[in-house]
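There are 2 protein chains.
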Amino acid sequence: MQPFTHGGRRFDDDRLDAVLHALAHRTRRMLLNRLAAGPAMVGELAEPIDMTRVAVSKHLRVLENARLISRTIDGRVHRCALRPEVLQEVERWLAGYREFWTEKLNALARFAEDGNRNKA
Amino acid sequence: MQPFTHGGRRFDDDRLDAVLHALAHRTRRMLLNRLAAGPAMVGELAEPIDMTRVAVSKHLRVLENARLISRTIDGRVHRCALRPEVLQEVERWLAGYREFWTEKLNALARFAEDGNRNKA
DNA sequence: GCAATATGACACTAAATGGTTTCATATACA
DNA sequence: TGTATATGAAACCATTTAGTGTCATATTGC
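Protein chains in written order, with the working numbering: chain A, 8 to 127; chain B, 8 to 127.
Written out as structure tokens, the structure is:
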């Protein structure tokens with residue numbers, strides 16, 4: 008059912024789909040960058056973006072579902088904030104993933120090198 | 008036109024959209040994992056996946072467009088391979104991105120800490 | 001030349017995405 | 001109380017995505 012999974016670190020596939028998809032849109036990355044400077048309300052976030060507030064709201068929802076941001080409702084204001092734990096989680100996964108890849112590729116490269124050496 | 012961009016490292020937004028979108032699908036990640044073990048032809052890649060060859064072919068196209076894999080046509084066989092340079096490029100970008108975020112967030116945390124200390 | 005193989009191209013469908021506009025709701029404040 | 005503000009919800013639309021099946025094309029090997 009799941010060929011080719013790389014063993015070790017378990018990071019749910021659904022989770023990865025959600026997080027990577029959330030990151031795969033420049034507007035959402037822009038929002039995250041803004042939130043790295045500190046929490047902000049939806050209106051503040053939408054203001055500099057050439058887009059309806061509703062659209063921005065939807066993007067925030069995507070980020071929220073991927074647990075990349077949190078939202079606390081404070082009166083009529085919704086305050087959004089980055090969730091650093093999740094970022095770390097993602098980064099740790101990515102490092103592992105890359106490690107897995109490069110390890111394999113290095114092995115391949117060594118193999119190729121040996122092949123050439125034998126030829127020479 | 009581009010508020011909130013984080014300065015420094017320039018990694019085209021289009022490029023990021025493409026790469027992250029390519030990664031944001033478990034089938035494509037599976038394909039990459041398989042390719043980390045060495046180059047393979049389309050048929051080999053499609054075989055263990057419960058999906059039409061045509062569908063797999065499309066996923067490969069997405070990966071190719073994001074320049075995560077290369078394809079060399081060898082007779083009637085299309086041989087695909089991971090492109091490690093691009094992976095490194097991506098990883099470097101991600102590290103910078105995370106660095107930017109955590110730096111800002113750490114500054115925020117220190118600020119909050121100071122605030123509490125003053126209160127106490 | 002002919003049959004089998006490896007693959008892409010094309011046309012189609014269902015569902016998701018990224019937007020929009022309009023309306024509802026809750027809160028703040030004069 | 002009444003009005004302005006902050007926001008979500010719902011309905012809608014165009015485009016893209018992720019699949020499918022069928023057909024075309026090029027290559028290999030008898």
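Glycine included, every Cβ here is placed at the ideal spot set by N, Cα and C.
Other residues of its chain near residue i: CB distance less than 7 Å, five sequence neighbours each side excluded
i, result
"Arg36(A)", "Leu30"
"Glu120(A)", "none"
Supposed contact pair residue j and residue i - C-beta distance, whole angstroms, cut 8 Å
i, j, result
"Phe107(A)", "Ala43(B)", "7 Å"
"His32(B)", "Asp21(A)", "The Cβ separation is near 12 Å, so there is no contact."
"Thr34(B)", "Ile56(B)", "7 Å"
"Leu38(B)", "Leu67(B)", "7 Å"
"Arg105(B)", "Glu98(A)", "5 Å"
Bounding residues of the alpha helix (DSSP H) (the contiguous stretch that carries residue i)
i, result
"His28(B)", "20-30"
"Ala43(A)", "33-43"
"Arg74(A)", "Premise fails: Arg74(A) is in no alpha helix (DSSP H) and is neither H nor E."
"Glu51(B)", "49-53"
Option nearest residue i by Cα separation, candidates the options
i, options, result
"Leu89(A)", "Met48(B), Leu112(B), Ser77(B), Ile80(B)", "Leu112(B)"
"Val26(B)", "Arg68(B), Arg74(B), Leu39(B), Arg83(B)", "Arg74(B)"
"Asp81(A)", "Thr34(A), Val49(A), Leu115(A), Arg41(A)", "Val49(A)"
"Leu115(A)", "Val84(B), Pro91(B), Ala114(B), Ala116(B)", "Pro91(B)"
"Leu70(A)", "Met58(A), Arg83(A), Asp19(A), Leu94(A)", "Leu94(A)"
"Val172(A)", "Leu101(A), Glu96(A), Lys65(A), Glu51(A)", "A question about residue 172(A) goes unanswered here, because the residues of chain A that appear run from 8 up to 127."
Own chain residues within Cβ distance below 6 Å of residue i, not counting five before or after
i, result
"Pro46(B)", "Arg86, Ala88"
"Arg60(A)", "Ala53"
"Ser77(A)", "Ala88, Arg90"
"Lys65(B)", "none"
Classification of residue i by the beta-carbon crowding that lies within 10 angstroms, buried from 16 upward
i, result
"Val63(A)", "buried"
"Arg41(A)", "buried"
"Asp19(B)", "exposed"
Range covered by the beta strand (DSSP E) that runs through residue i
i, result
"Arg90(B)", "No beta strand (DSSP E) contains Arg90(B), which DSSP labels as neither H nor E."
Residues of its chain near residue i, where Cβ-Cβ distance is below 8 Å and the 5 sequence neighbours each way are ignored
i, result
"His28(A)", "Val69, Ala73"
"Met58(B)", "Thr34"
Heavy atom of the ligand ZN within 7 Å of residue i beta-carbon
i, result
"Val26(B)", "As far as ligands go, the structure on display features none, and thus does not contain the ligand ZN."
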